[in-house]
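Residue numbers (the numbering used here): 13 to 80.
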């Protein structure tokens, strides 16, 4: 994935390649070659975070909440 981003001081190029798997990209129509997304959504894609609810087993919940 390559992204060109304009910041106050100039242009920034982001380049990221996954070792395995694919990026989960937003869907857009056949006639579109680009799509506008929010900064938050971009960071979720770059960090390869899936917006999917995770179901924890009871013992996993106990271990998770012991830290907080």
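For each residue, glycine too, the CB sits at the ideal point set by N, CA and C.
With a cut-off of 8 Å, does the C-beta of residue i fall near any C-beta of chain C?
i	result
residue 54	Reference to chain C is not applicable here, since this structure consists of a single protein chain.
Going by beta-carbon coordinates alone, are residue i and residue j separated by less than 8 Å?
i	j	result
residue 47	residue 28	no
Thinking C-alpha only, which one of the options is nearest residue i?
i	options	result
residue 53	21, 24, 17 and 37	37
residue 19	51, 56 and 70	51
Look up residue i in the DSSP assignment and say whether it is helix, strand or coil.
i	result
residue 54	helix
Please classify residue i: is it buried, with 16 or more other beta-carbons within 10 angstroms of its beta-carbon, or exposed?
i	result
residue 31	exposed
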